[in-house]
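Enquirer: Got a structure for you, written out below as C-alpha cells; questions coming shortly.
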Amino acid sequence: MSMLTEIFRVRGMLALAGALAGLSLWLLAEVLPDVTENDRLVLALSAFCVGTFTIFLAITGPLPSRKAAPAAAVIGLVLAVLAYTASLRFDAVQPFIETLHPIFALALCIALPIPFLVAGLSPGGGWLDYPKLFDAAWNTVVRTIASLRFLGAVWGVIALSVALLGLVGIEIIEDLLDIEPVPYLLSGLVLGLGIGVADELTEYVSPKLILRLLRLLVPVVLVGTLIFLVTLPFRGVSGLFGTLSVAATLIAMA
121 MSMLTEIFRV
131 RGMLALAGAL
141 AGLSLWLLAE
151 VLPDVTENDR
161 LVLALSAFCV
171 GTFTIFLAIT
181 GPLPSRKAAP
191 AAAVIGLVLA
201 VLAYTASLRF
211 DAVQPFIETL
221 HPIFALALCI
231 ALPIPFLVAG
241 LSPGGGWLDY
251 PKLFDAAWNT
261 VVRTIASLRF
271 LGAVWGVIAL
281 SVALLGLVGI
291 EIIEDLLDIE
301 PVPYLLSGLV
311 LGLGIGVADE
321 LTEYVSPKLI
331 LRLLRLLVPV
341 VLVGTLIFLV
351 TLPFRGVSGL
361 FGTLSVAATL
371 IAMA
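So in the working numbering, spot 48 of the sequence shown is number 168, and the numbers just go up one at a time.
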C-alpha cells in the first residue's frame, strides 16, 4: 500500500468514524429519549458512545485502528457501567446530571487514558515511558485544537455561503441543514477529517498544518462563489450592493 493510499485511508476512516459519532449523538439526544423512558439506559449509552468515539478518534493515527477500536470500546464500556451505577445514588438522572459532577468525571476519564493507551500500545513503548507519554499527550492536544478550529472554519464558510447564495434566492444549503441529522453528521465528519489531516504532520504547531486544513475549504468556497456569479446575471444586481452586510459577505468569502 502506497503512502498516499494510506493517508487517504486514514482520512476516510476517521471521517467515517466522526460521522458515525455525530449520528450517534443525534440519536441519543433527539430520538432515543422519545423511544424509551429509561433515563439511566440513555445515560449509559451516552457515556459509552461519547467515550468510545472520542478515544477512538484521539488515538487512531498514532495507533492502527485494529488496536484503537478495541481499546476505545473497552473504556467506553467501563464508562457506561460507571455512569449507570453512579446515577443510582439519585432518585432520577436529571438531578444527577445537574450536579455537573458526572460531566467533569466523564471528561477526565476520557482524557486521562489517551496518552497511556498511545504509549503503551505503540511498538517499543510502555505505559510508564515518560517521553512517549508526553509526546502522546501533546500531540493529542494539538490535533484536537487544530481539528476544532477546522470545524469552526467549515461552519464559518457554510454560514457565509448561506448568506451569499441567499442574496440570489438560493436556499439549498439551508434546506439541507434543516434535515435533522445533517448538522450532527457534518460536524462529526469534518472533525474526523480534521483529526486525520492533523495527524499527517509531525510538527507540533506548524503553519503547514493550518494551511493544509484551510486548503480543504477551497473547493467549497469556489463552488459557492461560482453559483453566486452564475446566478447573479439572472437575478439582477439591484439591491445587492450599497449595504454593509452584502459587502462584508463578499469580502469574507474572498
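Where is the CB? At the ideal position from N, CA and C, for every residue including glycine. Predicted model only: the values in this text are computed from it and were never measured.
DSSP state of residue 336, grouped into three classes?
Expert: Three-state result, residue 336: coil.
Enquirer: Tell me the residue span of the alpha helix (DSSP H) that contains residue 260.
Expert: Residue 260 -> alpha helix (DSSP H) spans 250-286.
Enquirer: If you follow the alpha helix (DSSP H) that residue 290 is in, where does it begin and where does it stop?
Expert: It is not in any alpha helix (DSSP H) - residue 290 carries neither H nor E in the DSSP assignment.
Enquirer: State buried or exposed for residue 243, treating a residue as buried only when at least 16 other CB atoms are found within 10 Å of its CB.
Expert: Under this definition residue 243 is an exposed residue.
Enquirer: Excluding the 5 residues flanking residue 162 on each side, which residues of the same chain have their C-beta closer than 8 Å to its C-beta?
Expert: Answer for residue 162: 148, 152, 153, 156 and 213, listed in chain order.
Enquirer: With respect to the alpha helix (DSSP H) encompassing residue 207, which residues constitute its N-terminal and C-terminal limits?
Expert: Residue 207 -> alpha helix (DSSP H) spans 185-207.
Enquirer: Pick helix, strand or coil for residue 172, following the three-state DSSP scheme.
Expert: Three-state DSSP puts residue 172 in a helix.
Enquirer: Which of the three DSSP states, helix, strand or coil, is assigned to residue 345?
Expert: If DSSP states are grouped into helix, strand and coil, residue 345 belongs with the helices.
Enquirer: Quick check: what's the CA-CA separation for residue 313 versus residue 190?
Expert: For residue 313 and residue 190, the distance between alpha carbons rounds to 21 Å.
Enquirer: What three-state label does DSSP hand residue 125 in the structure shown?
Expert: DSSP places residue 125 in helix when its eight states are reduced to three.
Enquirer: Select from 302, 265 and 267 the residue whose C-alpha is nearest the C-alpha of residue 143.
Expert: Looking at the Cα atoms, 302 is the closest of the given residues.
Enquirer: From the DSSP output, in three-state form, read off residue 382 for me.
Expert: In this structure the chain extends from 121 to 374, so residue 382 is not present and cannot be described.
Enquirer: On the three-state DSSP scale, how would you describe residue 151?
Expert: Helix at residue 151.
Enquirer: Quick one: residues in its chain with C-beta nearer than 7 Å to the C-beta of residue 174, no 5 flanking neighbours on either side, listed in chain order?
Expert: Once the five neighbours on either side are set aside, the close Cβ partners of residue 174 are 230.
Enquirer: When you compare the CB positions of residue 282 and residue 294, do they come within less than 8 Å of one another, or not?
Expert: Taking 8 Å as the Cβ cut-off, residue 282 and residue 294 qualify as a contacting pair.
Enquirer: List the whole-angstrom C-beta distance separating residue 184 from residue 206, where the pair is believed to meet the contact cut-off of C-beta under 8 Å.
Expert: Between residue 206 and residue 184 the Cβ distance is about 33 Å, and since that is not below 8 Å, they are no contact.
Enquirer: For the region 331-349 against the region 267-285, do three or more pairs of beta-carbon atoms, one drawn from each stretch, fall closer than 8 Å, so that the two count as touching?
Expert: Yes, they touch.
Enquirer: Would residue 250 be called buried (16 or more neighbouring beta carbons within 10 Å of its own) or exposed?
Expert: So residue 250 ends up on the exposed side.
Enquirer: According to the neighbour-count rule (16 or more other Cβ atoms, all chains shown, within 10 Å of its Cβ), is residue 195 buried or exposed?
Expert: Counting Cβ neighbours within 10 Å, residue 195 comes out buried, since at least 16 surround it.
Enquirer: So the candidates are 160, 164 and 180; which of them puts its Cα closest to the Cα of residue 132?
Expert: If we check each option's Cα against that of residue 132, 180 comes out closest.
Enquirer: Using DSSP's beta-bridge definition, name the partner residues of residue 156.
Expert: DSSP, once it has assigned bridges, lists no residue as partnering residue 156.
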